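Engineer: In the working numbering, the protein residues as written are 775 to 981.
1. Take residue 840 as the anchor and find which of 906, 874, 942 has the nearest alpha-carbon.
2. Should residue 950 be labelled buried (16 or more other beta-carbon atoms within 10 Å of its own) or exposed?
3. Pick helix, strand or coil for residue 870, following the three-state DSSP scheme.
4. Which residue spans inside the region 798-845 form an unbroken alpha helix (DSSP H) run of at least 4?
5. Taking only the alpha-carbon atoms, compute the straight-line gap between residue 715 and residue 821 and give it to the nearest angstrom.
6. Using beta-carbon positions only, say whether residue 818 and residue 902 come within less than 8 angstroms of one another.
7. Based on Cα-Cα distance, which residue from 908, 859, 882, 897 lies nearest to residue 797?
8. Run through DSSP, which three-state label would residue 953 get?
9. Using the rule of at least 16 other Cβ atoms within 10 Å of the residue's Cβ for burial, across every protein chain shown, is residue 924 buried or exposed?
10. Is DSSP giving residue 906 helix, strand or coil here?
11. So for residue 893, helix, strand or coil by DSSP?
12. If I measure Cβ to Cβ from residue 968 and keep anything under 7 angstroms in the same chain, skipping five residues before and after, which residues do I get?
So, in structure tokens, the structure goes:
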């Protein structure tokens, strides 16, 4: 099954998204520091800005492969806690949304986790799904994971490069865990998403 491709993105969408990013970046920078922008969802937020202005099926497809499944998990965890007051997945990326000590502006801006997956699906629908996205995103993820491991505070555990969850793991050597993570993410997260998007959406037209 494939859906049609349409390659025109309205200017107002580009401008509205740009304004949002221009508000979010300094707010996040002041609250969390520059390291925070190595998180996959934040990278996707910024790269999607480029995808919008360039109307790039390749960039949109890469970001869709990268975050659709993780953001689905984030939304399930967030809305379950919002509704029932308890964690369902205990993801470290959602607790801060209910932290009264965190500025309301920052928590409000973080609602992009809800809108961004829908926007990316719409972009892929409009622009087409680039079949190289799986390989391209895997290479990008490996570079980001390596940089995160080498250059960020281990206690922050950004991108879970030192353990799955809030705390660094201690049951295997850290480099071994990193290699396993770099293998697991493309296989468990990216590949199923790639296959679904490839089935749903047509390839981009030559432009």
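For each residue, glycine too, the CB sits at the ideal point set by N, CA and C.
Keep in mind it's a predicted model, so treat the numbers as computed, not measured.
Structural biologist: Taking the definition as stated:
1. 906
2. exposed
3. helix
4. 814-828
5. In the structure displayed, the chain extends from 775 to 981; residue 715 sits before or after that span and is not available.
6. no
7. 882
8. helix
9. exposed
10. coil
11. helix
12. 839, 907, 908
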